[in-house]
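As structure tokens, the structure follows; a few thoughts come after it.
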Amino acid sequence: MKNRPYRVILITLLRELFLTMLLLVGVSVVVFAILYAAPGDPFSALLEGQLATDEVREQIRIAMGAQQSWYAQYFSWLFSVLSGNFGTSVRTGLPVSGELFTVSINTLKLTVGSMLITLLVAVPIALYTAMRDHRVVLGWPLTMFGYLISSLPLFWFGYIIIYISIHGFHFFPLASFGGESWLHTLVPVLVLGLGSGTISEVIRQLREEMTRVLGEDYVRTARAKGASVWKHAFKEGVLLPVTEIIAAKIPFILGGAVIVEQIFNWPGMGRMAWQAALDRDFPVIMGIVLIAASFVRMGSLLQRMVFIAVNPHRQRE
Amino acid sequence: MNSSPLLRIENLRTFFYSQRKHAFVRAVDGVTLDVGRSETVGLVGESGSGKSITAMSVMGLLRGGPGVIGGRIEFESAHGRQNLLEKLQAFVEVHEQNGRVMSVSKDEKGWRKASERIMRNYRGKEISMIFQNPRTSLNPYMTVGGQIAESIRLHTANRSESEARERALYWLERVKIDSPKLRYKTYPAVMSGGMCQRAMIAMALSAEPSMLIADEPTTGLDATIQSKIVDLLEELKSETHISTLLISHDISVISRLSDRVAIMYGGAVVEFGPARQVLDPHEEARHPYTAALIDSVPSQQKIRDKSNLQAIEGDVLDTINVPAGCRFYDRCNRVKDGIRERCATQHPPLQEISSGHHMRCWLFAKG
């Protein structure tokens, strides 16, 4: 009965982290198996255009340990990952881990930024239409705006924005990581935030949740005692759904990031994954898969943490 | 007592529009009653008779249109008398034909704004409210003590956190919650319904309002818990002398706590008078509906006599198709030949038949 939120949070955190480890191992097994079964191998990509004899090819295979059975390859990969070594890229010959780090930071910037954009647009619209129970004149056009923006295909939207910003405003170069022009870097973030197709869903989900909470008995009590409805409805009506939405939408945003990074030449994980997939660059693909999976997992971890922090007793119901 | 009541509701009308049936639900249609200082007035009626809607109208808590469309709600506070529906007429236009409301146009947005501005000074501060379903009425995301302290800090001079905490603990003790210090920190989810209702009462009274509206405070609780809550309310009533509007369908609860009783049927008050007169089964001057209502309540006497419980014939009034005459006409068993014509066609007015005893029935109509 004693109320010890911090302990509950800590225990849950540890449990979730353990589950995350299991999940990552599972994901890596599945992806490894798929890669192994997929046609093509890194060597033919590597040797493309070169007149290598079968003898040379065989030597390279042996040098890279590819003649072993697939599970032996998997376990040797797994153990080196556990010791912090993600292997070397087949294409560049450089260690994967260093590059993976910079690239995932770039993608993190893109996804977090665009998630913020999505929320900045969607949350006010959702709350505005939910907070007033009589008809809102602006509600319908705002909702339509959300649907319209969300139905624009990302690859088309991105190119249109590039076209407009260059020809209309001489806004160039986009997504440059020089540091002197962060405004330019903002363009791809905006494109992903607006065009990832999540805005309308966020509006709908948050509005429904908020409308439901506003009809709850305890919100009526808050009104009857002259307290702020906003304050009482915030936790269940805004905080929980928003974290839930963030957790649920991370995979979609990551998927969108692949496209946006291609279009804007953003040096992120998505672009690297695309290139690695073309090259059959197994170590790079595996590394990216692990990072992406842990991003998604971190989202749901955040959601669990907020859920418990908001009410330590609710979790038992 | 009647010279200057604390709360006076006059001819209150609250309608809702049913989209499905394209008609008005006349939830409250002409409620008139008053609550004096340190007096408890019980409001009794069947489900759907408009008791709760009356209370919600007073608090301005209704959602959905058109809501309150007419009447006066006067409340006396330290700042003088104010009609809580002061500016209502400016926002509502009611079109009537032969005494029936044909259409209502109401500027909801404007009215809500005006109402919120007035009610800001009354909610919690002057009028507190407790509800049925205490477990869902407390915020599950805040500690019990935090919710009481919030109310204290909003409405009393105890603004600092530690002062509010002290007061909250005092009120938790006052409503007889065991180990208040421990309960202060717990969440409503781990408390029982009765405990939650005590916390609600503590929260309502902690702001030191001059009036308490208790909307079915014992409904949904176990019978033993019910009687304990009633005991508590009785005790607090004699100690704090707070004016109370007690809403219940449970006549035994009403009879224990009320000084005066108003009986509601079909959105209107049909009888209003001193509790002893209204609820006395041997009283001659009784509204047929009140008589039927009291006969339908099991009492020890009746159980001992093994007499059958009297159910009220017929269904609850359909508040959409309200009959032209007396609303109880179809179910009334005391219609006499002399007045049958009037009962069927004319809605009886609320008349004072003896000092302080009002009745809406042609049987007792004068003149």
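Residue numbers (the numbering used here), protein chains in the order written: chain G, 1 to 317; chain E, 318 to 684.
By construction, the Cβ of each residue, glycine as well, lies at the ideal position given by its N, Cα and C atoms.
Could you pull out every residue in the same chain whose Cβ sits closer than 6 Å to the Cβ of E/Gly-537, ignoring the five residues on either side in sequence?
-> Gln-449 and Asn-450
Tell me, please, whether the CB atom of G/Arg-223 is closer than 7 Å to any CB atom in chain E?
-> yes
Residue of E/Arg-657, E/Gly-584 and E/Ser-613 minimising C-alpha distance to E/Asn-638 | E/Gly-584
If we ignore side chains and look at the alpha-carbon of each, how far apart do G/Leu-301 and G/Ala-247 end up?
-> Answer to the nearest angstrom: the Cα atoms are 8 Å apart.
Cβ atoms of E/Ile-370 and E/Val-352: under 7 Å apart, would you say?
-> no
Run down chain E in chain order and give the residues with a C-beta less than 9 Å from the C-beta of G/Tyr-6.
-> Neighbourhood of G/Tyr-6 in chain E, by CB distance below 9 Å: empty, with the nearest CB roughly 14 Å away.
Do you know how far the Cα of G/Gly-270 is from the Cα of G/Val-187?
-> 17 Å
Verify the CB distance criterion: does E/Leu-471 have a CB-CB separation below 7 Å to chain G?
-> Interface criterion met: the Cβ of E/Leu-471 is under 7 Å from a Cβ in chain G.
When the Cα of G/Glu-236 is compared with those of G/Gln-262, G/Phe-252 and G/Glu-208, which residue comes out closest?
-> Residue G/Glu-208 is the option with its Cα nearest to G/Glu-236.
Establish whether the CB of E/Ser-468 and some CB of chain G are separated by less than 7 Å.
-> Chain G contact via Cβ: present.
What do you reckon, is the C-beta of G/Gly-270 under 6 Å from a heavy atom of the ligand HEM?
-> Ligands are entirely absent from the displayed structure, and the ligand HEM is therefore not among its contents.
So is G/Ala-227 in contact with chain E if we call contact Cβ pairs under 7 Å?
-> yes
Using only alpha-carbon positions, find the residue among E/Gly-673, E/Arg-452, E/Gln-514 and E/Phe-408 that is nearest to E/Lys-426.
-> E/Phe-408
Does the separation of the CB atoms of G/Thr-394 and G/Ile-253 fall below 7 Å?
-> With chain G covering 1 to 317 only, the question about residue 394 of chain G has no answer from this structure.
In angstroms with no decimal places, state the Cα-to-Cα distance between E/Glu-271 and E/Leu-574.
-> For residue 271 of chain E there is no data in the structure shown, the boundaries of chain E being 318 and 684.
Give the interface partners of E/Thr-453 over in chain G, defined as CB-CB distance under 8 Å, in chain order.
-> Glu-216, Asp-217 and Tyr-218
In terms of alpha-carbon separation, which member of E/Thr-349, E/Val-421 and E/Asp-612 lies closest to E/His-599?
-> E/Asp-612
Inter-residue Cα distance where the pair is E/Leu-329 and G/Leu-206 | 37 Å
At 4 residues or longer, and completely inside the stretch 437-480 of chain E: list those alpha helix (DSSP H) runs for me, N to C.
-> 451-454 and 461-472
In whole angstroms, what is the alpha-carbon distance linking E/Lys-554 and E/Gly-441?
-> Computed Cα separation, rounded: 18 Å.
Mind checking if E/Arg-440 is an interface residue toward chain G, Cβ cutoff 7 Å exclusive?
-> yes
In this structure, does DSSP put E/Leu-401 in helix, strand or coil?
-> coil
Who does G/Val-242 pair with in a DSSP beta bridge?
-> For G/Val-242, which the question treats as bridged, DSSP gives no partner whatsoever.
Buried/exposed call for G/Trp-156, threshold 16 Cβ in 10 Å = exposed
Check the Cβ-Cβ distances between G/Val-310 and every residue of chain E, and say whether any is below 7 Å.
-> yes
Within the same chain, show all residues whose beta-carbon is closer than 6 Å to that of G/Ala-126, passing over the 5 residues directly before and after it, in chain order.
-> Ile-203, Leu-206 and Arg-207
Pairwise C-alpha distance: G/His-170 and G/Val-284 = 36 Å
Same chain, Cβ closer than 6 Å to E/Arg-677, five either side skipped, listed in chain order | For E/Arg-677, where only same-chain residues beyond five positions count, the Cβ hits under 6 Å are Val-587, Pro-665 and Leu-667.
CB contact below 7 Å: G/Lys-109 versus chain E = no
Hey, E/Met-446 and E/Ile-530 are a contact pair by Cβ (cut 8 Å); roughly how many whole angstroms apart?
-> 4 Å
Chain-ordered chain G contacts of E/Phe-448 [CB-CB under 9 Å] = Asp-217, Arg-220, Thr-221 and Ala-224
DSSP-derived helix/strand/coil call for G/Gln-205 = helix
E/Ser-445 touches chain G at which residues, Cβ-Cβ below 8 Å?
-> Ala-224 and Lys-225
Can you pull the chain G residues whose beta carbon is under 7 Å from the beta carbon of E/Tyr-458, in chain order?
-> Taking a Cβ-Cβ cut-off of 7 Å, the neighbours of E/Tyr-458 in chain G comprise Lys-235, Glu-236, Val-310 and Asn-311, given in sequence order.
Leaving out five residues on either side along the sequence, give the residues of the same chain with a beta carbon under 6 Å from the beta carbon of G/Phe-32.
-> Cβ contact annotation for G/Phe-32 (same chain, cutoff 6 Å, sequence separation greater than five): Tyr-74, in chain order.
Return the residue from the list G/Pro-141, G/Ser-151 and G/Thr-185 that minimises the CA-CA distance to G/Ser-196.
-> G/Ser-151
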